[in-house]
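Reviewing the structure listed below.
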C-alpha cells in the first residue's frame with residue numbers, strides 16, 4: 046500500500062513572484078507602447094506626432110526595467126522549484142501533473158505557429174490574388190504584384206508613396222537555410238543521444254550530448270543572424286517588403302525566439318546535469334526541455350518547406 050507521502054500532493058507556500066512578474070510585464074509592455082508611439086517616424090525621418098517624442102526615451106528604459114524584473118523573478122522562482130525537486134517534495138502525482146502541463150503548453154505553441162502558418166496561406170492563396178484581381182479604376186492598390194513572393198502594391202497607398210524595391214530577391218532554400226536545417230536535425234539527434242545516456246546512467250554521455258545540442262543551437266542562431274543581415278543589406282528583403290517580407294520575418298523570427306529560449310533551457314539543464322541533479326528514474330526537467338526542443342525542430346521543418354522551398 047502506498048505511503049501517505051506518496052499520495053500527498055505538494056502545495057507550495059504563498060509567493061510574491063507572480064505579482065512581481067506581472068509588474069515586469071506591465072512595465073515592459075507599457076514601455077514598448079511608449080517607445081513605438083514616441084518614435085513613430087515617417088519615411089522621410091520626420092515624426093508623425095512630434096508632441097509624443099518625449100515618450101520614446103522613458104519608454105525604452107521601462108522596457109529594459111520590465112525585462113530585468115521578469116528575468117530576475119523567473120530565476121528566483123525556478124531556483125525554488127529546483128530546490129523543492131532536489132529535497133524530495135515532488136512524487137508521482139507532481140510528476141504526472143508536470144507532464145500534463147508541458148503537453149498542454151506545447152499544444153498551445155502548436156496553435157501559436159498554426160495561426161502564423163494560416164496567415165501565410167491566407168496571404169499567399171487568397172489575399173494577394175484577390176487584391177491583384179480588382180480593376181485598376183476601383184482599387185487604391187495600383188499595380189499590385191500578384192505573383193508570390195509579393196512585395197505588395199506600387200503607386201500611392203494611404204497617402205504615402207510606395208514603390209517596389211527593384212533589388213528585392215526572395216530567400217532561397219539553399220545556403221544558410223539548408224545549413225540551419227541540418228543543424229537542427231543534428232541537434233535533435235544529439236539530445237536524444239543525451240537522453241539515452243541519462244537512462245543508462247551514463248553521466249558523461251548525458252553531459253556531452255547536451256553540450257553538443259547547445260553548440261548546435263547557438264550555431265543555428267548565429268547563422269540566422271547572418272541570414273537576416275544578408276537579407277537586409279544585399280537582398281532588399283525587409284519587414285517592409287510586402288506580404289512576403291512580413292510573413293518571412295514573422296515566422297522565422299518567432300521561431301528564432303523559441304530556439305533562443307530552448308537554448309537557454311538546455312544550458313540550465315546542462316549545468317544541473319553536471320551537478321548530478323537527474324537520475325534514470327526522476328528526470329522530468331530534462332524530458333520537458335527535450336520535448337520542447339523536438340517541437341522546435343518539427344516547426345523548423347514546416348518553415349523550411351512552406352517558407353523557403355515552396
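In the numbering used here, the protein residues as written are 46 to 355. All C-beta atoms in this analysis are idealised placements derived from N, C-alpha and C, irrespective of residue type, glycine included.
Residue range of the unbroken alpha helix (DSSP H) whose run includes residue i
i, result
"residue 150", "137-166"
"residue 225", "221-244"
"residue 337", "329-348"
"residue 212", "Counting along the chain, residue 212 falls outside any alpha helix (DSSP H), and DSSP gives it neither H nor E."
"residue 175", "173-178"
Residue i burial status per 10 Å Cβ neighbour count (16 or more: buried)
i, result
"residue 337", "buried"
"residue 272", "buried"
"residue 315", "buried"
"residue 216", "buried"
"residue 330", "buried"
"residue 233", "buried"
"residue 308", "buried"
"residue 372", "Missing from the structure shown is residue 372; the chain here goes from 46 to 355 and no further."
"residue 293", "buried"
"residue 71", "exposed"
"residue 353", "buried"
"residue 91", "Note that residue 91 scores a pLDDT of 49, beneath 50, so its modelled location is shaky; the value from the coordinates is reported in the next line. Exposed, because fewer than 16 other Cβ atoms sit within 10 Å of the Cβ of residue 91."
"residue 128", "exposed"
"residue 246", "exposed"
"residue 298", "exposed"
"residue 163", "exposed"
"residue 69", "buried"
"residue 148", "exposed"
"residue 88", "With a pLDDT of 44 at residue 88, under the threshold of 50, the modelled position of that residue is not reliable, and the figure given next carries that caveat. It is exposed - the Cβ of residue 88 has fewer than 16 other Cβ atoms within 10 Å."
"residue 170", "exposed"
Top-ranked residue by Cα proximity to residue i, from the options
i, options, result
"residue 152", "344, 354, 58, 353", "344"
"residue 155", "106, 215, 285, 296", "296"
"residue 355", "299, 312, 166", "166"
"residue 116", "65, 304, 60, 294", "65"
"residue 23", "60, 105, 183", "In this structure the chain extends from 46 to 355, so residue 23 is not present and cannot be described."
"residue 133", "324, 72, 170", "324"
"residue 250", "258, 244, 239", "239"
"residue 312", "302, 255, 280, 298", "255"
"residue 78", "56, 57, 111, 58", "111"
"residue 130", "317, 342, 246", "317"
"residue 248", "321, 280, 269", "321"
"residue 175", "81, 159, 161, 193", "193"
"residue 55", "138, 161, 178", "138"
"residue 342", "168, 214, 227, 164", "227"
"residue 278", "244, 213, 333", "213"
"residue 157", "304, 300, 178", "300"
"residue 363", "106, 118, 298", "Given a span of 46 to 355 for the chain in the structure shown, any question on residue 363 remains unanswerable."
"residue 124", "287, 62, 69", "62"
"residue 303", "328, 286, 266, 326", "266"
"residue 263", "306, 348, 334, 121", "306"
"residue 284", "105, 195, 339, 57", "195"
"residue 104", "81, 120, 114", "81"
"residue 328", "114, 243, 252, 146", "243"
"residue 34", "349, 69, 259, 58", "With the chain running from 46 to 355 in the structure shown, residue 34 is simply not present."
"residue 150", "347, 351, 340, 76", "340"
"residue 109", "74, 136, 121", "74"
Closer than 8 Å: residue i CB and nearest the ligand GTP heavy atom
i, result
"residue 112", "Absence of the ligand GTP is noted for the structure shown, with no ligands found whatsoever."
Cβ of residue i within 9 Å of any chain C Cβ
i, result
"residue 214", "Going by chain labels, chain C is absent from the structure shown, which holds only one protein chain."
Subject >> Continuous alpha helix (DSSP H) assignments of at least 4 residues falling wholly in the region 266-336 >> reply: Taking only runs of at least 4 residues, the alpha helix (DSSP H) segments lying wholly in the region 266-336 are 287-319.
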